[in-house]
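I have placed the structure first, in the form of structure tokens, so that the comments after it can refer back to it.
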Amino acid sequence: MRRWVSSEEEMRGNEKTSEVIDFPIGLEERVHEISTHMGRSGSSLQCFGLVGMGGVGKTTIAKSVYNRLHVEFEKACFCLSTRAKGLVDMQKKLICDLFGETYKGMDIEDVEHGKRMLKEKLKGINALIVLDDVDTGEQVEALYFPLCSLGRESVVIITSRDNGVVKLAQPKKIFDVKEFANRKHSERLFYWHAFLKPEPPPHLKEVSGKVIDACGGLPLSLEVIGAHLYQYNDDDDDDERTWNEALRYLKEVGKKIFRALRISFDGLDRNEREAFLDICCFLIGRKEETACRFFESCYGIGRTYIRVLKSKSLITIEESRNQRRLIGMHDHLRDMGRAIIRDEERNRVWDEESAQDILKDESALSKLRGLSIRSDFRFPKEAGKCTSLPNLRILEVKVPDYDTTISQGLCANEILENMRCDGLRWLKWRNAKFHDLPDGLVCSTYLRVLDLRGSSNLTSVRIASLSNLQHLNLSRCTNLTSVRIDSLSNLQHLNLFYCTNLTSVRIASLSNLQHLNLCHCNILKSLGIASLPNLQHLDLSCCWGLKHLPEEIASLRSLEQLILGKCTSLTSLPFLPTTLKELNLERCWSLRSLKASLPKLERLQLWGCGALETAEVDADSMREFDLSGCQRLKEVDCTGGLPSFR
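Just so we're aligned, residue 1 is where the sequence shown starts under UniProt numbering, counting upward by one.
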């Protein structure tokens, strides 16, 4: 008879040992790692946390640790914090599991009474207690805090999907439980549940590999789908065909997995759920900073939502090779989120398939919240009747690298030219072919982020009315000749990189501007930067036509980074702000002298300044000073320590 217990099933808590899967792939290494940290200190109660997404194996690991260690304690209990039960019921269950059924009829008046009873009953007892699937701070307070009276050799293990909840217990260590990274582990677990043997039949090897890939290393998926396919594992000639047919009907099995994963989603508040769904559709693989900016533009706050979703194991933050922090998400969580949108919300479009499904639904158009499409996508005729998308917050139009012909239907340009999007917060349309922004897209006073990078046909942009704009990216708009943005009082980031025909920029009085990038504005000759009290980063590198900096630069009291590399016409510098931490003047070939008092300066780059004759810099905080390639340099006077002199 086939014996298998899912890690999501409830166990009988009053049994001394807990049933675990009888083919524990990869379990021994995990259990050993955790058990070695759980040596009984004898000095105080120890608490440990197991945190990870649903279905990743937290309960299975906790059960295995419990089975290995429980005989060493006076009392032991594995308590599943069932969501259907109230806190008082769970307190009563914990006492019954520890002290027997004689306590089953006891009366606990309320949570506070239960806390007092737990504290009194457990005083001085050395026990091993597992609190499984804890997902709220109230559960920690009602079930864990009373355990402080336990004996000094006691150990408590808390499993949860929410890192923040576990931290409330101030554990000695939190273990991050992840999906299988080793494909061999995934194969062995799946083969056992699908075939009850370590290898599949040769004719099912290939199709098994497809299923294993789809499971993404998640133990729950491997177990549930393997068990489902076991019924199709007959020794007949139709075996392979039956399996391939069965794969088409795995959506019902997927729903079981989604139900397990959805518990964390349902525990979010409204805006947190919206942020999670936004990531599922638009932000996987994007930079953390981009996601923060995205959420700030839509919900007013950003970093908090990233922190909450990461804490609840719904997203990951992954370090890329170039040290960028990228948003990650397990494929099953992504698919669950997209299924919620397709079946329930119907308010986001992220690819052509979802566009064909949702955009032909006239009722869905009126509540459309996010739209990400290719510029050559042919809109359904139903969308052509729509004149307004009042709830659209997010619009991203992707332009393909090659020219395409629209054989029928309306493309993005034609649809959006006359469509009003009054609630738009985020607009990203890189490499756009239009000469000016469509009317419907510049009517939203709520717009926070506008990204038109690479739109080389643009000669001007009508953005004076976008009073709430915070981030503006016009980089590589090579035909742009002038930009008037002095009315955008909320602007924080302005990127004009490689606007090679830009001759003037009016940015005076932008009191909130923090980052300004004018790199490769080759013919820029003058710059008005007065009244920028919050400017922190200014990049003017490769502005070959720039002969001098305005005197007002000294008044930029927040400026920390000034990049002037390859400003080959620059002959001298005015007084610089004393707040500077980095000054880059590399390959300023015409610069003859440098004299500055910069007490906070940490990094000075003068590499390749071939005409430089004197450098006098008062910089007590200097850590790096690069003078290589300064052949004419006769006098150097730099005060302050230089532990990293080059």
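Glycine is no exception: its CB is placed at the ideal position from the N, C-alpha and C atoms.
Everything numeric in this text was worked out from a predicted model, so none of it was measured.
Practice problem: Note down, in chain order, each residue of its chain lying with its Cβ closer than 6 Å to the Cβ of Arg-324, except the 5 sequence neighbours on either side. | Solution: Lys-287
Exercise. Return the CA-CA distance between Leu-309 and Met-117, expressed in angstroms with no decimal places.
Key: Take the alpha-carbon of Leu-309 and the one of Met-117: they are about 35 Å apart.
Quiz item: Rounded to whole angstroms, how far is the Cβ of Ile-157 from the Cβ of Phe-48, which I believe are closer than 8 Å?
Solution: Right, their Cβ atoms sit about 5 Å apart.
Quiz item: Is Phe-48 helix, strand or coil by DSSP?
Solution: strand
Self-check item: N-terminal and C-terminal residue of the beta strand (DSSP E) that Thr-159 is part of
Solution: 155-160
Exercise. Please list the segments of the alpha helix (DSSP H) lying wholly inside the segment 111-173, counting only runs of 4 or more residues, in order along the chain.
Key: 111-121 and 163-167
Practice problem: Flag this pair as touching only if the segment 421-430 and the segment 442-455 have three or more C-beta atom pairs under 8 Å; answer yes or no. | Solution: yes
Quiz item: In three-state terms, what does DSSP make of Val-224?
Solution: Collapsing the DSSP output to three states places Val-224 in a helix.
Exercise. Please name the residue, chosen from Leu-50, Arg-262, Asp-213 and Gly-57, that lies closest to Ser-160 on a Cα-to-Cα basis.
Key: Leu-50
Quiz item: Among Gly-528, Ala-214 and Glu-396, which residue has its Cα nearest to the Cα of Arg-484?
Solution: Gly-528
Quiz item: Distance, Cα to Cα, Gly-55 vs Leu-80?
Solution: Straight through space, the alpha carbons of Leu-80 and Gly-55 are spaced by roughly 15 Å.
Quiz item: Does the distance from the C-beta atom of Ala-260 to that of Ile-279 stay below 8 Å?
Solution: no
Quiz item: Do the segment 584-595 and the segment 548-557 make contact, defined as three or more Cβ pairs closer than 8 Å?
Solution: no
Exercise. Have a look at Ser-475 and Gly-454 and give me their C-alpha separation to the nearest angstrom.
Key: 6 Å
Self-check item: Assigned exposure category for Lys-92 - 16 Cβ within 10 Å defines buried
Solution: buried
Self-check item: Start-to-end residues for the alpha helix (DSSP H) that takes in Thr-290
Solution: 288-299
Quiz item: Between which two residues does the beta strand (DSSP E) containing Cys-77 stretch?
Solution: If you look at Cys-77, you'll find it in the beta strand (DSSP E) that goes 75-80.
Exercise. Grab me the residues of Leu-535's own chain with a C-beta within less than 7 Å of its C-beta, minus the 5 sequence neighbours each way, in chain order.
Key: Leu-513, Gln-514, Leu-516, Leu-556, Ser-558 and Leu-559
Quiz item: Looking only at DSSP bridge pairs, what is Ala-194 linked to?
Solution: Looking at the DSSP assignment, Ala-194 forms no beta bridge with any residue, so it has no partner.
Exercise. Kindly indicate which three-state DSSP category Val-442 falls into: helix, strand or coil?
Key: coil
Self-check item: Per DSSP, the bridge partner or partners of Cys-638
Solution: Residue pairing by DSSP places Cys-638 opposite Val-617 in a beta bridge.
Quiz item: Tell me the DSSP bridge mates of Gly-528?
Solution: DSSP, once it has assigned bridges, lists Arg-506 as partnering Gly-528.
Exercise. Entirely within the segment 426-504 and at least 3 residues each: give me those beta strand (DSSP E) ranges in chain order.
Key: If we require 3 residues or more, the beta strand (DSSP E) runs fully inside the segment 426-504 come out as 426-429, 449-451, 471-473, 482-484 and 493-495.
Quiz item: What beta strand (DSSP E) runs, 3 residues minimum, are completely inside the segment 317-342?
Solution: 325-328
Quiz item: Does the segment 465-473 touch the segment 482-496, meaning 3 or more C-beta pairs lie closer than 8 Å?
Solution: yes
Quiz prompt | Nearest candidate by alpha-carbon position, reference Thr-579, set Pro-533, Gln-631 and His-520 | solution = Pro-533
Quiz item: Once you ignore the five residues that flank Ser-154 on each side, which residues in its own chain have a CB closer than 8 Å to its CB?
Solution: Leu-45, Gln-46, Phe-73, Ile-125, Asn-126, Ala-127, Leu-128, Ile-129 and Leu-147
Quiz prompt | Beta-carbon proximity of Ile-415 to Gly-384, cut-off 8 Å | solution = yes
Quiz item: Counting pairs of Cβ atoms below 8 Å between the segment 379-396 and the segment 330-340, do you hit three or more?
Solution: no
Self-check item: Other residues of its chain near Lys-525: CB distance less than 6 Å, five sequence neighbours each side excluded
Solution: Gly-545
Quiz item: Which residue comes first and which comes last in the alpha helix (DSSP H) that contains His-515?
Solution: No alpha helix (DSSP H) contains His-515, which is instead part of the beta strand (DSSP E) from 515-517.
Quiz item: So, helix, strand or coil for Ala-596, using DSSP?
Solution: Collapsing the DSSP output to three states places Ala-596 in a strand.
Quiz item: Mind checking whether Ala-615 and Leu-598 have CB atoms under 8 Å apart?
Solution: no
Exercise. For the alpha helix (DSSP H) holding Gln-91, just list the boundary residues, first then last.
Key: For Gln-91, the enclosing alpha helix (DSSP H) stretches over residues 87-99.
Quiz item: Hey, quick one: how far does the beta strand (DSSP E) through Phe-625 stretch, first residue to last?
Solution: 624-626
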